[in-house]
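Enquirer: Just so you know, the protein sequences line up as chains A and B, in that order. Every letter in the first sequence is one number past the one before it in our numbering, and letter 433, counting from 1, is 483. Every letter in the second sequence is one number past the one before it in our numbering, and letter 201, counting from 1, is 242. Every residue gets a Cβ at the ideal spot worked out from N, C-alpha and C, and that includes glycine.
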Amino acid sequence: MSQAGDIVVDNKIQMAIELKKITKTFGSVVANNNIDLSVKQGEILALLGENGSGKTTLMNMLSGIYRPDGGSILINGQVVTINSPEDANKLGIGMIHQHFKLVDILSATDNIILGAKEKGLFLLKSRADKIREIGTRFGLDIDPNKKVYAMSVSEKQTVEILKVLYRSADILILDEPTAVLTPQETKRLFDILRRMKKEGCAVIIITHKLNEVLEISDRVTILRKGESVATVNTAETDAQELTELMVGRPVELSIEHLENHYNENLIEVHHLTVSNEEGIDAVKDVSFDLNCGEILGVAGVAGSGQKELCEAMAGLLRVKKGAVLYHNENIVGKTPNEIIKMGISMSFIPEDRLGMGLAASMGMVDNMLLKTYQEGKGPFVSKKKARALAKRLVDQLEIATPSVDTPVRRLSGGNVQKVLLGREIESNPNVIITAYAVRGLDINSSYTIYDALNAQKQKGVGILFIGEDLDVMLELCDRIMVLCHGKVTGIVDAETATKEQIGLLMTDASGKRGKA
Amino acid sequence: MGNQKLKTTPQVPLIQIAKKTEISVAKMTVLSVLALVAALIAGGIFILALGHNPFAVYASIVNGAWRSSMAIKGMIKIAIPLLIASLGITLAFQLKFWNIGAEGQIIMGAIFASYFALFCSDLPHWLLLILMFVAGMVGGGLWGIIPAYFKCKFGTNETLFTLMLNYIALYMIKYFAEGPWRDPKSSGFPKIASFAKNARMDQIFGVHAGWLIGLFLVIVIFIYLKFTKQGYEISVVGESENTARYAGMNVKKIVMRTMFFSGAICGIAGMTQVSGAAFTLGEGVAGGVGFTAIIVAWLSRLNPIVIVIVTLLFSMLEKGCSVMQSAFGLSTAVSGILQGIILFFILGFDFFTRYKFVFRKKVKNSGNM
């Protein structure tokens, strides 16, 4: 970095990274088409784009996971070929992925040293010193001897960043780093990134959250459908313009908050304790109620028991203790089939979208049948209604598919989501349990989904909305329940609550209850 | 600091493997035919090395299977158990339940059917045959449902479990032949008596009625998998157990039911073998059919209609090779090797339906170095 001056060519400032006309195709899908992008040293560039716009693909080419089909990559002004993550390491490029790649039973130090090829047979003490030195330089605060399994998500991320810096990377790529963080942890991460910037690193942050882009970046490159549509200076833009660039047309960015006209109690959960597949209690003594015509948000860091709560309510996971009363009838112990017949539709969308809720190699028509195939007498399945429904959903939700019989695994993530949600809403449920309903959807579709949920709310349906984006939840929900380590740390009124307040509850910083 | 790092940058590798777009049925057929051609060429080189004319050898294989009505009947006789067992396996494989135990299920079907043939031969002919048919299904089905039960209850590995059951079934025949069912007239030789005429299956167009049962089953399985509620359940469970549970299906019940049917159909294959072909119960009753059926089902991509074609090809190869062996005075191992080569190529070409090779392009010097 100190040599930055040496490699100035033609009197212009040398770029740390320059991508020229990068193209990458997977089969017939063009993921990246002629993309240009550049980052200076000491600059934070935000790479903005909707899901499927090619952000991660592009960055994976920089970190050596994919190779471009066309175009060239310049690092510090030199054309390079990056064949493997190891090559990327040598070039000083470090990527921090969404899913951490750490060994749970090892300490922070061991994880950082792991794979960093250095001479010498023994693990020298000096390495630990080096880690500490880097830590203080960038403001990364971590106990080097703490084991990874005992760390919080934010701490794990810190280890990942240290790992990259330890290999003397001066180009950092972060793939959606804030998705798993609370608002407070996000702030801390941004402080770290600013330190790096000051130290002369080039930082690329992949995200789709506009407020973060505006807060942290110097410039923004916007991708749409695999092409770079614009690069703007952050200081000269605003959320509205960025959205329009990202989506390609003006978008109305508001969620309607409807008043609740009902006050009838729909579901009461009493002291619910559920253990997950490993036999560990994932939901601990959770109590809440859900009224008709109410959207109850569930906030919490990923893995705080949201999944288990949903699955227990739908009868998929055995309940250890407690009761779930639906119109004063206990549904604990009933089979999923019996619960479905009671009108409790659970639209559960886990990270692995096609793993539950849809059958990946079946078409839309067959997927529509999933909960209704038993209807009608005789041994044969009747597909007429399902076909009509599939066609209607394609029109209503603008699902992009070659035909209603195309296997759903060939659809994009957003379209898969629409198929699932469409089916659940069309089944006329009394209760909707939806987890991460808009994950992977583009902005426009997200708002279609919010509208659809609001329409259900007006019909008196009770909705349990497990969400990630606190801004959205504050607008959409009536109340928000916060989970931390499987316990309820608070239920707040969405109209009066603030993001910071929820953030504190997410980490249980108020200390109301002990940690697990 | 960047400059030194750059020197170690390697070139793009010469050949890379890339994913293909999903290919059309027509292209797939072309690839399959190409695989066959490549297999024939490779096999031809092998035959040439043995000092024979490959064309003559191939011709004798085809000719051997089709030259006379006798030969055709012989080929169909080989095809019957293979076809039925492949259908049975298809049911299990649709569920992603890796049933390697068709061999044992065939044997159990044969044993159960043999009981009625040996000890109830006085019953009216049709009643006896129906009883044998049902007994065969129950026997095979039992051998199918046992591993399914243990998998559902204790999470045992179905591949090992079904494989081991094969040997139990096989040695059961040995036990019956040496002990309780031994033919008193065989003067001490451990073998089971031949069935009475009453217990032998009738012939239709010169081949035992098993072929009619087989074709009937093709239609039944096709409809069952494609159009019934149970068939729908099988494909959902096979796709994802979580999705099935989410939809309110009783996964364990479906697994056990389907494995019963899978075993039962293989059991039918055993029944037709003892009643239609062997007229007795011997250790060779399944003779590896249960394993060949796995390959047939897999190559047919679990499509019952395609299974008919693939079964015919396999039977032709087997029948033709036996003729070719005697005509050229080759050892039985030669036909085994030829069959192996053909399989190797067909299965190997599967790779090309999904991947392609990309060669390094000549890169123009585009850098501003």
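Would residue 366 of chain B count as contacting chain A if we go by Cβ distances under 9 Å?
Expert: No - not a single Cβ of chain A is within 9 Å of the one on residue 366 of chain B.
Enquirer: List the residues of chain B whose Cβ lies closer than 7 Å to the Cβ of residue 431 of chain A, in chain order.
Expert: Here the neighbours are 268, 269, 270, 273.
Enquirer: Give me the chain B residues within the contact set of residue 418 of chain A, using Cβ-Cβ distance strictly less than 7 Å, ordered along the chain.
Expert: Correct list: empty, because the minimum Cβ distance to chain B is about 11 Å.
Enquirer: In this structure, how does DSSP classify residue 148 of chain A when only helix, strand and coil are distinguished?
Expert: In the structure shown, residue 148 of chain A sits in coil (DSSP, three-state: anything other than H, G, I, E or B).
Enquirer: Under 9 Å, do residue 418 of chain A and residue 473 of chain A count as touching if we go by C-beta distance?
Expert: In this structure, residue 473 of chain A lies closer than 9 Å to residue 418 of chain A by Cβ.
Enquirer: In whole angstroms, what separates the C-alpha of residue 257 of chain B from that of residue 84 of chain B?
Expert: So the two alpha carbons sit approximately 36 Å from each other.
Enquirer: Report all residues from its chain with a CB closer than 6 Å to the CB of residue 134 of chain A; omit the five preceding and five following residues, and keep chain order.
Expert: Counting only Cβ-Cβ distances below 6 Å, and skipping sequence neighbours, we find 114.
Enquirer: What is the C-beta distance between residue 524 of chain A and residue 544 of chain A, in whole angstroms, given that I count them as a contact (C-beta under 8 Å)?
Expert: Sure, about 5 Å apart at Cβ, within 8 Å.
Enquirer: Counting contacts by CB-CB distance shorter than 9 Å, is residue 65 of chain B in contact with chain A?
Expert: With 9 Å as the cut-off, residue 65 of chain B does not count as an interface residue toward chain A.
Enquirer: Compare the C-beta of residue 280 of chain B against all C-beta atoms of chain A and say whether one is closer than 9 Å.
Expert: Yes - at least one Cβ of chain A is within 9 Å of the one on residue 280 of chain B.
Enquirer: Taking the DSSP output, what are the residues bridged to residue 347 of chain A?
Expert: According to DSSP, which records beta bridges pairwise, residue 347 of chain A is partnered with A/515, A/530.
Enquirer: Based on Cα-Cα distance, which residue from A/372, A/364, A/494 lies nearest to residue 483 of chain A?
Expert: Nearest C-alpha to residue 483 of chain A: A/364.
Enquirer: Quick one: residues in its chain with C-beta nearer than 7 Å to the C-beta of residue 373 of chain A, no 5 flanking neighbours on either side, listed in chain order?
Expert: Result list for residue 373 of chain A: 320, 380, 382, in chain order.
Enquirer: Report the three-state DSSP secondary structure of residue 44 of chain B (helix, strand or coil).
Expert: Any reading at residue 44 of chain B must be qualified, since the residue scores a pLDDT of 42, below 50, and its modelled position is unreliable; no value is offered.
Enquirer: Is there a Cβ from chain A that is less than 9 Å from the Cβ of residue 69 of chain B?
Expert: Output row for residue 69 of chain B: interface = no.
Enquirer: Taking C-beta pairs closer than 8 Å, name the residues in chain A that residue 261 of chain B reaches, listed in chain order.
Expert: Residues of chain A passing the Cβ test: none, with the nearest at roughly 12 Å.
Enquirer: Which same chain residues, not among the five before or five after residue 341 of chain B, have their C-beta less than 6 Å away from its C-beta?
Expert: Cβ neighbours of residue 341 of chain B beyond the five flanking positions: 347, 348, 351.
Enquirer: Quick one: measure Cβ to Cβ for residue 102 of chain B and residue 95 of chain B, integer angstroms, because I've assumed they're closer than 8 Å.
Expert: In fact, because the Cβ distance is near 10 Å, the residues do not count as touching under 8 Å.
Enquirer: Going by C-alpha distance, which of A/512, A/469, A/139 is nearest residue 341 of chain A?
Expert: Checking every option, the nearest Cα to that of residue 341 of chain A belongs to A/512.
Enquirer: Under the three-state reduction of DSSP, which class applies to residue 91 of chain A: helix, strand or coil?
Expert: Coil, per DSSP.
Enquirer: Can you give me the C-alpha to C-alpha distance between residue 235 of chain A and residue 228 of chain A, rounded to a whole angstrom?
Expert: Taking the straight line from one Cα to the other gives about 8 Å.
Enquirer: Could you work out which residues of chain B lie near residue 411 of chain A, taking near to mean beta carbons separated by less than 7 Å?
Expert: Going along chain B in sequence order, the residues near residue 411 of chain A (Cβ under 7 Å) are 280.
Enquirer: Using the Cβ count rule (16 or more neighbours within 10 Å means buried), how would you classify residue 191 of chain A?
Expert: The residue in question, residue 191 of chain A, is exposed, as its Cβ has fewer than 16 Cβ neighbours within 10 Å.
Enquirer: Using the beta-carbon count (16 or more within 10 Å), is residue 159 of chain A buried or exposed?
Expert: Buried, since its Cβ has 16 or more Cβ neighbours within 10 Å.
Enquirer: Residues of the region 79 to 112 of chain A in Cβ contact with chain B at a cutoff of 7 Å, in chain order, please.
Expert: For the region 79 to 112 of chain A, which is checked against every Cβ of chain B, not one residue is closer than 7 Å.
Enquirer: Our contact map puts residue 568 of chain A next to residue 106 of chain A with C-beta atoms below 8 Å; I'd like the distance itself, whole angstroms only.
Expert: Nothing in the structure corresponds to residue 568 of chain A, since chain A is present only between 51 and 566.
Enquirer: List the DSSP bridge partners of residue 65 of chain A.
Expert: BP columns for residue 65 of chain A point to A/90.
Enquirer: Does chain B have any CB closer than 9 Å to the CB of residue 387 of chain A?
Expert: It does; some Cβ of chain B falls within 9 Å.
Enquirer: Who are residue 320 of chain A's beta bridge partners in DSSP?
Expert: Per DSSP, A/373.
Enquirer: I want to verify the contact list: residues of chain B whose CB lies under 7 Å from the CB of residue 423 of chain A, in sequence order.
Expert: In chain order: 270, 273.
Enquirer: Quick one: any contact between the region 213 to 227 of chain B and the region 189 to 200 of chain B, if contact means 3 or more CB pairs under 8 Å?
Expert: In short, these stretches do not touch, since the Cβ pair count stays below three.
Enquirer: What residue from B/208, B/372, B/298, B/276 has the CA that sits closest to residue 136 of chain B's CA?
Expert: The shortest C-alpha separation from residue 136 of chain B is found at B/276.
Enquirer: Along the region 183 to 213 of chain B, what residues have a CB closer than 8 Å to any CB found in chain A?
Expert: Result list empty, no residue passes.
Enquirer: Using beta-carbon positions only, say whether residue 243 of chain A and residue 272 of chain A come within less than 9 Å of one another.
Expert: No.
Enquirer: Quick check on residue 230 of chain B: buried or exposed, where buried means 16 or more other Cβ atoms within 10 Å of its Cβ?
Expert: Residue 230 of chain B comes out exposed.
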